[in-house]
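Peer 1: Mind having a look at this structure? Questions to follow.
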RNA sequence: GGGCUCGUAGUGAAGUUGGCCUAUCACGCCUCCCUGUCACGGAGGAGAUCGCCGGUUCGAAUCCGGUCGGGCCCGCCA
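Numbering (the working numbering), first residue to last: 925 to 1515.
Put into structure tokens, the structure is as follows:
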């Protein structure tokens, strides 16, 4: 039997075809029945006449989502019967034989894009039904094309795809691991890799010049709208004989730019004159945008006014500055139109980030209106207006606290104001590399030095730098790519020198034994002629989410877990048999 | 672990300053009518202990306490 797809039918007028699919809807006129048949290519109207008695009586019993196979003749519709709203609207299939392949109970979720959409809890529980929706079918297809694009591109650039183990070793320094007990070695555990970090570096030692893999990564950390619980995918890559992060960045930039323009058909903005992706230091990103993953589709930079307000009469600012803090401001174009209650809402957001309040100035009719204006001198007001670039109709909001706190508060407000004023143009993509991350960071809570981002990256300046006095001033040749406010890539030039590695870990309190215990395999390998190398990993689910205008990463995944790490459809995680546990051997202790 | 928020027929919503709620509407479901609809139309019908437990009250979907579940955010994510 020849099988035809719904969308092919239009080109086969006069022919007899057989089509299978689901009943999308049925319109029973008593003496004539229309059925919209749906398959993965679209919808096709079937017409069933009383003349075909068997088919007609069966058609009357069909319900939504019944699975059928029909044979009939493709007929061009009379002009006045054509439906321009559907792709196959100029034809219909006059049914000669109808076969019921399977029935369906009324569905617990909506499977049509039009009209009501079920809540996500139900959509996830009945994901196999939710995936019937044309939007989801589209997503699955696009995602497949996307993966092919990635693989073709990497392969075309001379990268070798290597699969690394899924049963690996625990690395407690990073995210929480998923542990897998070993039956053969009672009491010992594998861990699902958070990333194939060590394996890919070992491939460099092995002499693979350019490695890549679409790698499954596992992390047992609480999810977010842009971060899945459990497992997710990275385009993981590494290049040998690279000592400068620029080499990796320039190698990979074109892929991301192509994805934006050729694959997603969006407009790139914010590029350098020479067409490369802009590079911003971590320090600059934090100071100017209040974030290490700024959305650069809009400007709205943070402006430091501490010097201009050093002698101010306004107590809050004065105390902050005298105490070593900073006063910064952000200009919101058109912000003067904000209502009292809207400002209150933004103030609440500021407070939730740790601000005491939210001072502001509204510029209206040539005047600076503000509850704090009376405390500020003419010259101070002039400096604020000039430095922020505020015009009539704008508003300026202030943050006053330690530098990090102010950056955090104003960075959040920048994000929220952009939402409020619709500054996030979905047709545009702004990319940037955030570079020069601090190698170490001082943790206020534990009062200890810790790695800033990635302990495997090479400190700029090597051994000498690590031994220097001010550890927090050491930079790493480490780079993140940001896309419209999302971190989509993280990478580094790696530390391939055992002595630098030991020293780097010693600074945060790891002795040689502990380093050997944790990363012994890699350190040993580095003793046998490890080439310098660098690489990175792209969060490809997240990129796909941005490229397809989704705000939740679960919407680009076939079978995602919910925010509690539960797969509502499969009901995992679940209890296992005692027999299984005994074999491992593991005992579950509950309170 | 913390903050905010949501939970009402199979589905999506309304009602939430206590009484007019014996809970409203749309889709879906069931019965019947209908030969050109395409979100077909028409007539009728069934379907909800208002997430769960407790409290306040003459009276609770509505107020209070607790609890369970979802979502977003903070922490966390080398």
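C-beta: ideal position from N, C-alpha, C; glycine also.
1. Would you mind sorting residue 1253 into buried or exposed? The rule is 16 or more other CB atoms within 10 Å of its CB.
2. Which residue marks the beginning of the beta strand (DSSP E) containing residue 1115, and which one marks its end?
3. To test your reading of the DSSP string, which unbroken alpha helix (DSSP H) runs of 4 or more residues are found completely within the stretch 1423-1469?
4. Look at the alpha carbon of residue 1515 and the alpha carbon of residue 1496, and state the distance between them as a whole number of angstroms.
5. Taking a contact to mean a Cβ-Cβ separation below 7 Å, would you say residue 1341 touches residue 1406 in this structure?
6. If you draw a straight line from the C-alpha of residue 1462 to the C-alpha of residue 1184, how long is it?
7. Alpha carbon to alpha carbon, what distance is there between residue 1271 and residue 1265?
8. According to DSSP, which residues form a beta bridge with residue 1358?
9. If residue 1136 and residue 1078 are in contact, beta carbons under 8 Å, what's the gap, nearest whole angstrom?
10. Find out if the Cβ-Cβ distance for the pair residue 999, residue 1018 is shorter than 7 Å.
11. Express the C-alpha separation of residue 1328 and residue 1368 in angstroms, rounding to a whole number.
12. Using DSSP's beta-bridge definition, name the partner residues of residue 961.
13. What separation, rounded to the nearest whole angstrom, lies between the Cα atoms of residue 1244 and residue 1214?
14. Just how far apart, CA to CA, sit residue 1237 and residue 1250?
15. Should the stretch 1152-1168 be regarded as contacting the stretch 1447-1467, the criterion being three or more beta carbon pairs within less than 8 Å?
16. Assign residue 1162 to one of three DSSP states: helix, strand, or coil.
17. If you count every other CB in all the chains shown that lies within 10 Å of the CB of residue 1074, and 16 or more means buried, which is it?
18. DSSP three-state label for residue 1515, please.
19. Taking only three categories from DSSP, how would you classify residue 1034?
20. If you check the beta carbons only, do residue 870 and residue 1158 fall under 7 Å apart?
21. Whole beta strand (DSSP E) runs in the stretch 1086-1154 with 3 or more residues, listed along the chain?
22. If residue 1229 and residue 1308 are in contact, beta carbons under 8 Å, what's the gap, nearest whole angstrom?
23. With DSSP as the reference, please indicate the residues paired to residue 1383 in a beta bridge.
24. Have a look at 1044, 1216, 1103, 1111 and flag the residue whose alpha-carbon is nearest the alpha-carbon of residue 1149.
25. For the stretch 937-956 and the stretch 987-1004, state whether three or more C-beta atom pairs, one from each stretch, are separated by less than 8 Å.
26. Hey, residue 1116 and residue 1102 are a contact pair by Cβ (cut 8 Å); roughly how many whole angstroms apart?
27. Applying the 10 Å Cβ sphere with the 16-neighbour rule, what's the burial state of residue 1414?
Peer 2: Short version:
1. Counting every other CB atom within 10 Å of its CB across the protein chains shown gives residue 1253 a total of 16 or more, marking it as buried.
2. 1113-1116
3. Counting whole runs of 4 or more residues, the stretch 1423-1469 contains the alpha helix (DSSP H) stretches 1436-1450.
4. For residue 1515, the predicted model reports a pLDDT of 49, less than 50, meaning its position is unreliable; a value from the coordinates is still stated below. Each residue's alpha carbon lies about 22 Å from the other.
5. No.
6. For the pair residue 1462 and residue 1184, the Cα-to-Cα distance works out to about 14 Å.
7. 10 Å
8. 1204, 1404.
9. 5 Å
10. yes
11. 12 Å
12. Residue pairing of residue 961 in beta bridges, as defined by DSSP: 947, 968.
13. 18 Å
14. 15 Å
15. yes
16. In the structure shown, residue 1162 sits in a strand (DSSP, three-state: E or B).
17. The residue in question, residue 1074, is buried, as its Cβ has 16 or more Cβ neighbours within 10 Å.
18. Note on residue 1515: pLDDT 49, under 50, position unreliable in the model; no value is reported.
19. coil
20. Outside the shown range of the chain (925 to 1515) lies residue 870, about which nothing can therefore be said.
21. List check, beta strand (DSSP E) in window: 1102-1105, 1113-1116, 1134-1143.
22. Sure, about 6 Å apart at Cβ, within 8 Å.
23. 1400
24. 1044
25. With a cut-off of 8 Å on Cβ pairs, the stretch 937-956 is in contact with the stretch 987-1004, counting three or more such pairs.
26. 4 Å
27. buried
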